[in-house]
Amino acid sequence: MGSLANHQNPSFELLLLLLISVLALQFASASVEEAEALLKWKASFSNLNNTLLTSWNLQNTRNHPKASVSPCTWFGVSCIDGSVSTLNLTHSSINGTLYSFPFSSLPNLEKADLSMNELSGSVPPQVSKLSKLSYLDLSYNKFSGTIPPEIGLLTNLQTLHLNENYLNGSIPQEIGQLRSLVELILCTNNITGPIPASLGNLKNLTYLYLYENQLSGSIPREIGNLNNLVEVDIDNNQLTGPIPASIGNLNNLLLLHLFENGLSGSIPPEIGKLKKLQSLSLWGNKLTGPIPTSLGNLRDLTLLHLYRNQLSGSIPEELGNLKSLVEFEVSENQLYGLIPTSLGNLIELETLFLRDNQLSGSIPPELGKLTKLVVLEMDENQFSGHLPEGLCSSQTLRDFTVNNNSLSGPIPESLKNCASLVRARFDGNQFTGDLSESFGIYPHLEFIFLSNNSFSGELSNNWGRCKNLTTLSIANNSITGHIPPEFGNLPSLGFLDLSSNQIAGEIPKELGKLKSIQRLLLNDNQLSGGIPLELGSLTDLFSLDLAVNLLNGSIPGSIGECQRLTFLNLSSNSLSHSIPSQLGKLIHLDLLDLSHNFLIGEIPTEFGSLNSLETLNLSHNNLSGVIPKALAELPGIQHIDLSFNELEGPIPCGKAFANAIIEQLKGNKGLCGNITGVRPCDSPQLVKKHENGQKLALIIALPLVGALMLFSAFAGILFFHEKRKGDPTVKDGEVKGGDVFSISLFDGKEMYENILKVTQDFDPTFCIGKGGHGSVYKANLPPANTVAVKRLHHLSESADQEGFLKEIRALTKIRHRNIVKLQGYCSSAKYSFLVYEYLERGSLAKLLSIEEEAKKLDWQKRIKIIKGIAHALSYMHHDCSPPIVHRDISSNNVLLDSEYEAHVSDFGTAKLLKIDSSNWSAVAGTYGYVAPELAYTMRVTEKCDVYSFGVLTLEVIKGSHPGDFIPHLTSPTSVNIQLKDLMDQRLPYPGQEVEETLVSILKLARACLNVDPQSRPTMHMISSLLSMGAQALPKHLHGDFQLS
């Protein structure tokens, strides 16, 4: 037997070797097939020279006998038994699609991680052939299209990450077949439709992230079947309906985020069963009813956000049980009653927001026990009594607001010594006490409002030691004494308001050191002495109000150096002497009020340069002479008052006096003109006297003007001669020669010559409009091209010419159906102008002002106009790089074509034409459209355009500027406004469907007017909502605003 066994062993070993060889051959064959398939996919990449994938190649085995053809050694590839089991190509700079991916050739693939690449196109349905796949991550790519239903065949799948792509369509219900799924992450896409109830089958699901999509419908109650869920995040969608009570079954849940949706109904008490819950965020919905007392059972909760809903009732005492809570925010609801003293038990609390409710009673001293508190905001409520001692006793409080309540009494010692304060608001209460003893030194303080209280005493020089202060407002109190010179030591101070007090003494010259100051308001006090010359060094100043004081002496000419000023009010003082001509340099002024003084002399002719001026008040002075003609031609002037002076001669014709009434001119016995109540200029002696004056002026002026023109022409020729020698900045399509420089889509020099020819050198008969930057002419260029030509005022010599031209080049490349096309720019020694496409129907403002034309703008056309403006702004803010801010959105800057399609004009040129300024420009917009934050900071951002868009939207629907409606619309309290009051009465009342659309648009417009710029929607969001009909407007965008 032993010899037989020995005889058979060699045969058995031979058979075993043969079997191993066959299997090896099969594995080798499989490896070659998989390698070739992967290389075919690689060949489809747009970036074939990807250095990370250099190992992906089949080596020549004839030249390298020991080389391997297996892909198992390639970058990002792992194998089991010679077959590809894992592809880990995350962050591998792959630029391509999955259309050539070898789905059929990788039968053993278990894990595929292709995240953080540049993959695009759709996810092919062939993905279902990867039957062993347990992990699929395609996140952070550029995939579009829908999620293929075939993905439901991957029954071994445990992880599915498709987030951060551009996927659309609905979530396929077939995903409910993935019974092994543990992680489903589809967030940050464009997925629409409902959450499928079939997700309730995914019993192993632990993480469900669907946030930042456009999901609609209600949350399916089947979600309560997923007992293994740890985190659910479905925020920033368009979900409606109630929160299902079944969510209380998820007893392993740690995080539940449903914020920024349209969820309604009450907060289900069943949420109180989620004993492991650590983060609950339901803000920005339409939730009503009380805060459930059962939430007090969530002992592990660290974050509770319920703000921006419609919750009512009192804050439950039981919330004091949440000893782990770090953030508690219930602002912007309808909560009433007292603050429960039990909140003093929340020893870990760092953030407490109770603002904008109807809470009342006193603030409990127990809040002083919160030693980790960093933010405490309780403004916009009905609190009364004194502030409790103990607040900020631990020196951690940075943000404290109690403004707009009914609080009284002194500031507690603990707050006086709160050195950690960065931002504080006490305004709008009845606080008392000596101001100099109520506040200390705050090394980190940036912003403090103490206005509208009953503080007394004097200003402490300690404020000058708060070196980080940017905003200090103490207006409307009973402050006496002097302004401390130490205020001049605040290098970052941008806003100082000491108005409406009883401050006396002189304005300290040290205020001239406030190089960052933008608003200086000292009006309505008892200040005396002269206006310091040093104020002329405040080059960032845009608002100066010294009205209603006892100031005397002359107006310093140095004020003319504050060339960003938009608001200058020196009225109701005892100022004398003549008005300095240097004020004519304040070309950005919107308002100039020098009334009720003792000024003498003539009105400076330099005022003719104030092209942005809208309001001029020189009344109740002793001014003499004639009214300068240039004053009448100011393009932006809306109101002028010259009453009670000693002016004489004819009232000049022009816009300023076109609709003037006697009240604006009375008290000037020497004036004459065609205004009711003013005597006509029919006295030959008077006319002769005036004509003789004019002749004398001409005799003197004409030779001077002639000499000046000759000098200018000579200088211009020299300038362009030098420029023609060679300029590397001239680009393709630009012309620089013959004393003409142009940036144009056509032959620039020919266009320049043709425009001068057809407009007869800008003859006034071709002028179709005037603005702050120049006049607009209609030019019919051969063969059949009508353009609008904006002839510009001369640019500043100090302007950044290269930057100007660079931006003009960029603007000529912009193409959008709702933006007026800039066709070019031409400049010579004589003229500079921009060339735009011509729109037949003219400006929106013009059409709304003409009743017959306004009636043609029916509701559908108006909705179309609003959408067009939104699309244009969205494009410029979000699709241009860098983003372009319009800065001057108004009905005058929206033109309509023959089809009533809106075209936004002057895009970008509002900034270009003020290139001696920057994004901090003091003139950023038209009065009535300007965002309120520009009163504090002249930082022009996209959110300024959003505010202007809100005003313009209301104007389109109302048929006129909303004016006094804006304060009501932006009121923080619940507002109920009649819909008809916001609609143009010249049009018939709309049908139900159009009415619903208009209501949604009005609510969206109201959101644009939010005082807080960060709370305004983006133009991208606005454009998207309008494209969807604006029916799914999120709650946070309209708050309590109701139309009836």
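All residue numbers for the sequence shown refer to my numbering, where the first residue is 1406 and numbers rise by one. Ideal placement from N, C-alpha and C gives every residue a C-beta, glycine not left out. Quick caveat, the model's predicted, so the values are computed rather than measured.
| said: Quick check: the segment 2257 to 2269 against the segment 2206 to 2221, are at least 3 beta-carbon pairs closer than 8 Å? | reply: The segment 2206 to 2221 is not in contact with the segment 2257 to 2269.
| query | What do you reckon, are the CB atoms on Leu2454 and Thr1597 nearer than 8 Å? | reply | This structure leaves residue 2454 out entirely; the chain is present only between 1406 and 2449.
| Which residue's Cα is closest to the Cα of Leu1938: Leu1956, Leu1925, Ile1964? | As a first step, residue 1938 must be located in the sequence shown, where it is residue number 533. Among Leu1956, Leu1925, Ile1964, the Cα nearest to that of Leu1938 belongs to Ile1964.
| said: Please return the same chain residues whose Cβ sits closer than 6 Å to the Cβ of Val2399, not counting the five positions on each side in sequence. | reply: Within the sequence shown, residue 2399 is the residue found at index 994, counting from 1. Here the set comprises Trp2264.
| Is Gly2098 helix, strand or coil by DSSP? | Counting from one through the sequence shown, the residue named residue 2098 turns up at place 693. At Gly2098, the pLDDT of 45 sits below 50, so the modelled position is not reliable and the matter cannot be decided from this model.
| Going along the chain, which residues of its own chain have a beta-carbon closer than 7 Å to the beta-carbon of Gly1677, five neighbours each way excluded? | Start at 1 with the first residue of the sequence shown, and residue 1677 comes out as number 272. Here the set comprises Pro1697, Ser1699, Leu1700, Asn1702, Leu1703.
| task | Using only alpha-carbon positions, find the residue among Asn1726, Pro1647, Pro2057 that is nearest to Pro1625. | result | As a working note, residue 1625 is residue 220 in the sequence shown. Ranking the options by Cα distance to Pro1625, first place goes to Pro1647.
| Reduced DSSP secondary structure (H/G/I, E/B, other) of Ser2000 | Along the sequence shown, one-based indexing puts residue 2000 at 595. Residue state, collapsed to three classes: coil.
| request: Given a cut-off of 8 Å, decide if Leu2301 and Leu2357 are closer than it, judged by their beta-carbon atoms. | output: To locate residue 2357, count along the sequence shown from 1; it is residue 952. To locate residue 2301, count along the sequence shown from 1; it is residue 896. Contact flag unset, no.
| said: To the nearest angstrom, how far is the alpha carbon of Gly1605 from that of Glu1579? | reply: Mapped onto the sequence shown, residue 1605 falls at position 200. Mapped onto the sequence shown, residue 1579 falls at position 174. Going from the Cα of Gly1605 to the Cα of Glu1579 covers about 12 Å.
| Grouping DSSP H, G and I as helix and E and B as strand, with all else coil, what is Gly1773? | Mapped onto the sequence shown, residue 1773 falls at position 368. Here Gly1773 sits in helix by DSSP.
| Coarse secondary structure for Gln1835, derived from DSSP in three states | Taking the first residue of the sequence shown as position 1, residue 1835 is located at position 430. In the structure shown, Gln1835 sits in a strand (DSSP, three-state: E or B).
| Given a threshold of 16 other Cβ atoms within 10 Å of its Cβ, counted over all protein chains shown, does Ala2315 qualify as buried or as exposed? | As a working note, residue 2315 is residue 910 in the sequence shown. Confidence at Ala2315 is low in this model, with a pLDDT of 46, below 50, so its placement is unreliable and no value can be given for it.
| field | With 16 other Cβ atoms within 10 Å as the buried cut-off, status of Asn2415 | value | By one-based count along the sequence shown, residue 2415 stands at place 1010. Per the 10 Å Cβ criterion, buried.
| query | Hey, Pro1889 and Asn1866: beta-carbon distance below 8 Å or not? | reply | The residue labelled residue 1889 in the question sits at position 484 within the sequence shown. The residue labelled residue 1866 in the question sits at position 461 within the sequence shown. Closer than 8 Å, so yes.
| query | Per DSSP, which one or two residues make a beta bridge with Arg2196? | reply | Taking the first residue of the sequence shown as position 1, residue 2196 is located at position 791. Answer is Ser2180, Phe2238.
| field | Contacting residues, own chain, Cβ-Cβ under 8 Å from Asn1568 (five flanking each side not counted) | value | Within the sequence shown, the letter at position 163 stands for residue 1568. Taking C-beta separations shorter than 8 Å and ignoring five residues to either side along the sequence, the partners of Asn1568 in its chain run Ser1544, Tyr1545, Ile1590, Leu1591, Cys1592, Thr1593, Asn1594, Tyr1614, following chain order.
| field | Inter-residue Cα distance where the pair is Val2335 and Val2181 | value | Position 930 of the sequence shown, counted from the first residue, corresponds to residue 2335. Position 776 of the sequence shown, counted from the first residue, corresponds to residue 2181. Answer to the nearest angstrom: the Cα atoms are 24 Å apart.
| request: Reducing DSSP to helix, strand and coil, say where Ser1904 ends up. | output: The sequence position of residue 1904 within the sequence shown is 499, counting from 1. Coil.
| message | Which of the three DSSP states is assigned to Leu2357 in this structure? | response | Numbered from 1 along the sequence shown, position 952 holds the residue referred to as residue 2357. Leu2357 falls in the helix class under three-state DSSP.
| said: Quick check: His2275 and Phe2354, are their CB atoms within less than 8 Å of each other? | reply: Your numbering for residue 2275 matches position 870 in the sequence shown. Your numbering for residue 2354 matches position 949 in the sequence shown. The sequence given here has Ala at residue 2275, not His. For Ala2275 and Phe2354, yes; Cβs fall inside 8 Å.
| request: Helix, strand or coil for Cys2460, going by three-state DSSP, please let me know. | output: Lying before the first or after the last residue shown, residue 2460 is absent from the chain, which here runs from 1406 to 2449.
| message | Three or more C-beta pairs under 8 Å: does that hold for the segment 2420 to 2432 against the segment 2359 to 2367? | response | no
| query | What separation, rounded to the nearest whole angstrom, lies between the Cα atoms of Phe1758 and Thr1876? | reply | As a working note, residue 1758 is residue 353 in the sequence shown. As a working note, residue 1876 is residue 471 in the sequence shown. In a straight line, the C-alpha of Phe1758 is about 22 Å away from that of Thr1876.
| Of all the beta strand (DSSP E) runs that stay within the bounds of the segment 1705 to 1735, which reach a length of 3 or more residues? | 1708 to 1710, 1715 to 1718, 1732 to 1734
| query | On the three-state DSSP scale, how would you describe Ile1922? | reply | Position 517 of the sequence shown, counted from the first residue, corresponds to residue 1922. Coil.
| Under the rule that 16 or more other beta-carbon atoms within 10 Å means buried, what is Pro2085, buried or exposed? | On the sequence shown, position 680 is the one that residue 2085 refers to. Pro2085 comes out exposed.
| message | Is it the case that the segment 1712 to 1720 contacts the segment 1767 to 1775, given that we only count it when at least three CB pairs across the two stretches are under 8 Å? | response | no
| message | Quick check on the burial criterion: 16 or more other C-beta atoms within 10 angstroms. Buried or exposed for Val2299? | response | Counted from its first residue, the sequence shown places residue 2299 at position 894. Answer is buried; the Cβ neighbour count reaches 16.
| field | Gln1923, buried or exposed, once every other Cβ within 10 Å from all chains shown has been counted against 16 | value | Working through the sequence shown from its first residue, we reach residue 1923 at position 518. Of the residues assessed, Gln1923 falls on the buried side of the cut-off, its CB having 16 or more other CB atoms within 10 angstroms.
| Straight-line CA distance for His2373 to Lys2175? | Position 968 of the sequence shown holds residue 2373. Position 770 of the sequence shown holds residue 2175. Taking the straight line joining both Cα atoms gives about 33 Å.
| task | Using three-state DSSP, classify Ile1596 as helix, strand or coil. | result | Taking the first residue of the sequence shown as 1, we reach residue 1596 at position 191. DSSP places Ile1596 in coil when its eight states are reduced to three.
| said: In whole angstroms, give me the CA-to-CA distance for Phe2209 and Ile2173. | reply: For this step, residue 2209 is matched to residue 804 along the sequence shown. For this step, residue 2173 is matched to residue 768 along the sequence shown. Going from the Cα of Phe2209 to the Cα of Ile2173 covers about 26 Å.
| message | Taking the beta strand (DSSP E) that Glu1636 belongs to, which residues open and close that run? | response | Counting from one through the sequence shown, the residue named residue 1636 turns up at place 231. Segment 1636 to 1638, the beta strand (DSSP E) holding Glu1636.
| field | Rounded Cβ spacing between Leu1494 and Leu1463 (contact assumed at less than 8 Å) | value | In the sequence shown, residue 1494 corresponds to position 89, counting from 1. In the sequence shown, residue 1463 corresponds to position 58, counting from 1. In fact, because the Cβ distance is near 19 Å, the residues do not count as touching under 8 Å.
| Residue span of the alpha helix (DSSP H) that contains Tyr2280, given as start and end | Locating residue 2280 in the sequence shown gives position 875, where the first residue counts as 1. From DSSP, the alpha helix (DSSP H) with Tyr2280 extends over 2264 to 2283.
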